[in-house]
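To keep things clear, I will list the structure first and then write my remarks on it.
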Amino acid sequence: MKRIGYIVALICACSMVQGISAQAPTRQRPSQQQQTPQSAALPELSVRAKSMNEDQTKNTDNVPWLREIYRMVNLKEEANAPLYYPVEPIGDRMNLFTAIFKLLSDDKIVAYEYEDGKEVFIDKNKVKFKDILDRFYILYKEQKSGANTKYVVEDVDIPSGEVLSYLVKEAWYFDPSNSTFDVKLLAICPLLVREGDFGEMNRQPLFWLPYENIRPYISQKPIMTSNINNAMTYTMDDYFRKRMFKGEIIKTTNLLNYTLAQQFGDNPDTLKMAQDSIEKQLKLFEQKLWIEPDTAKVVSSKDKKKDDNKSSSKGSTREPKQQKIKSESSSPSPSRSVRRTR
65 MKRIGYIVAL ICACSMVQGI SAQAPTRQRP SQQQQTPQSA ALPELSVRAK SMNEDQTKNT
125 DNVPWLREIY RMVNLKEEAN APLYYPVEPI GDRMNLFTAI FKLLSDDKIV AYEYEDGKEV
185 FIDKNKVKFK DILDRFYILY KEQKSGANTK YVVEDVDIPS GEVLSYLVKE AWYFDPSNST
245 FDVKLLAICP LLVREGDFGE MNRQPLFWLP YENIRPYISQ KPIMTSNINN AMTYTMDDYF
305 RKRMFKGEII KTTNLLNYTL AQQFGDNPDT LKMAQDSIEK QLKLFEQKLW IEPDTAKVVS
365 SKDKKKDDNK SSSKGSTREP KQQKIKSESS SPSPSRSVRR TR
């Protein structure tokens with residue numbers, strides 16, 4: 065009986081070991097299935113990258129002069145095409161909206177609700193990634209990992225081909241502390257262009273993004289900026305920072321919160337004149353900041369110097385004649401003395 069008991073106990077122990085070894089792989093499957101491949105094109109920020117981003121941040125809170133400008137950047141123009149192509153990712157290459165979309169899906173950046181004339185980046189205005197997907201009918205898959213849920217969107221379903229414009233908000237400012245007149249990019253808003261019920265094309269603002277939040281990521285994304293030179297020598301951040309894009313002014317911050325169309329009407333010629341006037345005002349303000357030499361005085365002093373040179377040269381030509389005349393008049397003549405004749 066004892067031997068039988070030992071045999072039964074041994075059999076039970078072996079069955080328990082087999083059960084544990086059989087259950088071990090099944091615990092790893094859910095975690096392996098729930099893992100999604102991270103995009104190699106958008107790595108995590110290093111401490112050095114975060115520090116560089118903080119150093120590049122320009123504080124405009126206490127500047128004595130600042131003007132906020134809203135520009136419409138049309139990606140169909142050749143100057144802005146580097147932000148649009150490639151529409152679908154090709155290896156590590158992707159356009160601006162695809163990079164933004166992947167950053168949002170990975171919870172690396174936060175988007176804020178679009179409100180006309182109210183770009184306030186506070187927690188109350190934060191928009192969830194799932195709400196963006198549902199609001200604009202973007203296909204996605206849910207992948208749950210415990211209490212967390214990740215929303216995966218295939219590259220084909222990212223509507224980067226429909227984002228044909230960006231609304232860019234920038235601040236022109238003068239900082240007397242370091243005597244600089246510069247431009248700071250404040251925020252960007254992608255505009256989704258889709259066909260309406262009656263065949264019209266509608267622009268739908270997606271969300272606002274503070275530029276400083278996406279700058280450290282897009283500063284690592286090279287883009288091609290020329291049709292002749294295909295070398296990717298600039299990054300997306302360079303493209304904005306060097307102001308290589310082309311955008312029309314559609315609004316300036318004003319007390320009535322009016323756009324240029326509301327102020328001057330929809331006439332293209334009138335709007336163009338208003339836009340050119342604003343551009344000239346910015347250039348004129350910068351020119352008036354610096355003390356330039358008075359060109360009239362410089363010219364008059366040069367003319368005076370030329371006149372002096374001319375007069376001196378003329379005087380030098382007359383001098384020999386005068387000297388000659390003087391020498392002739394002063395030279396003794398061989399005349400006879402009257403006293404002697406008498």
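Here the numbering used here is used: the first residue of the sequence shown is 65, the next is one more, and so on. In this text, a Cβ means the ideal position worked out from N, Cα and C, and glycines have one as well. Since the model is a prediction, treat every value here as computed from it, not as a measurement.
Could you check how far apart the C-beta atoms of residue i and residue j are, in whole angstroms? I think they sit under 8 Å.
i, j, result
"VAL191", "PHE271", "6 Å"
"TYR134", "LYS248", "Contact doesn't hold; Cβ gap of about 14 Å is too wide."
"VAL151", "SER224", "6 Å"
"TYR215", "GLU206", "6 Å"
"ALA251", "GLU177", "About 12 Å separates the two Cβ atoms, so there is no contact after all."
"ILE164", "LEU231", "Not quite, the Cβ-Cβ distance comes to about 13 Å (not below 8 Å), so this is no contact."
"LEU168", "PHE193", "5 Å"
"MET136", "GLU312", "5 Å"
"GLN345", "LEU324", "GLN345 to LEU324, Cβ: 13 Å. No contact."
"PHE245", "GLU350", "5 Å"
"MET296", "ILE282", "Wrong, their Cβ atoms sit about 13 Å apart, outside the cutoff."
"GLU141", "LYS310", "6 Å"
"PRO153", "THR289", "Between THR289 and PRO153 the Cβ distance is about 18 Å, and since that is not below 8 Å, they are no contact."
Which first and last residues belong to the beta strand (DSSP E) in which residue i is found?
i, result
"ASP408", "What is shown of the chain runs 65 to 406, which leaves residue 408 out entirely."
"LEU476", "No answer is possible for residue 476: it lies beyond the span of the chain, which begins at 65 and ends at 406."
"VAL137", "129 to 138"
"GLU312", "312 to 316"
Considering residue i, what are the terminal residues of the alpha helix (DSSP H) in which it resides?
i, result
"LEU353", "332 to 353"
"ILE164", "160 to 169"
Using only CA atoms, which one of the options lies nearest to residue i?
i, options, result
"ARG258", "SER229, THR244, PRO240 and SER283", "SER229"
"ASN266", "LEU256, LYS172 and LEU231", "LEU256"
"THR299", "MET308, ASN189 and ASP221", "MET308"
"ILE202", "ASN321, ILE292 and GLU218", "GLU218"
"ASN126", "ASP195, LEU147, LYS166 and SER241", "SER241"
"ALA143", "ARG199, ALA211, ASP187 and ASN291", "ASN291"
"ASP180", "ARG199, LEU197, ASN189 and LEU335", "ASN189"
"ASN123", "TYR322, ASP239, LYS306 and ASP301", "ASP239"
"PRO269", "PRO153, LEU353, LYS352 and PHE200", "PHE200"
"VAL220", "LEU320, GLY260 and LYS166", "LYS166"
"THR317", "PRO254, ALA175, ILE342 and TRP354", "ILE342"
"VAL174", "LEU353, GLN326 and ASP195", "ASP195"
Worksheet entry | Start-end ranges of the beta strand (DSSP E) lying completely within the segment 180 to 211, minimum 3 residues | 205 to 209
Item to complete: Could you say if the segment 229 to 244 and the segment 129 to 143 meet the contact criterion of at least three C-beta pairs nearer than 8 Å?
Response: Verdict: yes, contact present.
Discussion item. Taking contact to mean 3 or more Cβ pairs, one atom from each stretch, closer than 8 Å, check whether the segment 271 to 282 and the segment 159 to 176 are in contact.
Written reply: yes
Item to complete: Could you name each continuous beta strand (DSSP E) segment of 3 residues or more that falls completely within the segment 251 to 299, going from the start of the chain to the end?
Response: Complete beta strand (DSSP E) runs here, min 3: 265 to 269.
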